[in-house]
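Student: Handing you this structure, nothing more for now.
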Amino acid sequence: MNVFRLAGDLTHLLSLVVLLLKIVATKSCRGVSAKTQELYAIVFVTRYLDLLFSFVSLYNSVMKVVFLGSAFSIVYFMRYHKVVRHTYDRELDTFRSSFLVAGSMVLALLINSKYTFFEVLWTFSIYLEAVAILPQLVMLQRTGNIDNLTGNYVFLLGMYRGLYILNWIYRYSTERRYWQMIVWVSGIIQTALYADFFYYYLKCWNENRTLVIP
Amino acid sequence: NSQSSVHDEL
């Protein structure tokens, strides 16, 4: 554990708190993509199956349970809550996320480090996480003015990915035999997807106006 | 170098 990894995890946690806060406090999920949230739920389930048979640390196990719980809570609110579900902008959330799931599964079957059931599912979760933000980014473009909490949620998610890259650089330079090419390549692609959003987020923040993605 | 078999990150 290093400071970049810890900061990354805490930023990830904070992003989920911000999103849950928006949904619970405003009783609205306007501008939030249910498809991205469902993809994250799939990512966490397939990656954290190892809760059942591998223990790394109490920290890891607790975080895994928290991430799983928050992902399912968010999906629950967006799909089933009697008030919140009516605020979901279904017509703006039209990305075909099933293609992302299918593509990630095919890639995981082709490129993995060990051809076992759990390893392929874990690799699938890495590929799917890399692209899971796409429905949300497309939805932001279609939403007019993006509220602060939604904008901050996506910004924090992007920060979390950036901090993970710093964590890998740190680990590579300090640990022996630390090498995880699948995770690195996927993570760099994932972070690059935020570049456009970051540009407009910082530009609007600098000019002190409401976030709009052209 | 080989892929680490331990998944110790989140």
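Those sequence lines, one after another, are chains S and V. Under our numbering, the first residue of the first sequence carries the number 802, and numbering increases by one thereafter. Under our numbering, the first residue of the second sequence carries the number 113, and numbering increases by one thereafter. Each residue gets a CB set at the ideal place from its N, CA and C atoms; glycine is no exception.
(1) Among Ser834/S, Tyr849/S and Met802/S, which residue has its Cα nearest to the Cα of Phe925/S?
(2) Tell me the DSSP bridge mates of Ile947/S?
(3) Below 9 angstroms on C-beta distance, what does Trp923/S contact in chain V?
(4) Quick one: measure Cβ to Cβ for Leu950/S and Val819/S, integer angstroms, because I've assumed they're closer than 8 angstroms.
(5) Assess, as a yes-or-no matter, whether the stretch 848 to 862 of chain S is touched by the stretch 973 to 989 of chain S under the definition of 3 or more beta carbon pairs within less than 8 angstroms.
(6) Assuming contact is defined by CB atoms lying nearer than 8 angstroms, are Ser987/S and Ile927/S in contact in what I supplied?
(7) By how many angstroms is the C-alpha of Leu1012/S removed from the C-alpha of Asn861/S?
(8) Any Cβ of chain V within less than 8 angstroms of the Cβ of Arg1031/S?
(9) Please confirm if the stretch 956 to 968 of chain S is in contact with the stretch 813 to 828 of chain S, defined as three or more CB-CB distances below 8 angstroms between the two stretches.
(10) Any beta carbon from chain V within less than 8 angstroms of Asp851/S's own beta carbon?
(11) Along the chain, where does the alpha helix (DSSP H) containing Lys823/S start, and where does it finish?
(12) Could you name the residues of chain V that Val857/S contacts, counting a contact when the two beta carbons are closer than 8 angstroms?
(13) If we cut at 8 angstroms on Cβ distances, does Met864/S have a partner in chain V?
(14) Which chain V residues are close to Asn861/S, counting only those with a beta carbon under 8 angstroms from its beta carbon?
(15) Interface residues of chain V around Asp810/S at Cβ under 7 angstroms?
(16) Beta-carbon within less than 7 angstroms of Met864/S's beta-carbon, same chain only, minus the 5 sequence neighbours each way: which residues are those?
Tutor: So, from the data block:
(1) Tyr849/S
(2) Leu1012/S
(3) His119
(4) 6 angstroms
(5) no
(6) yes
(7) 34 angstroms
(8) Any property of residue 1031/S remains undetermined from this structure, which presents chain S solely from 802 to 1015.
(9) yes
(10) yes
(11) Val804 to Thr827
(12) Val118, His119 and Asp120
(13) yes
(14) Asp120 and Leu122
(15) Leu122
(16) Asp810
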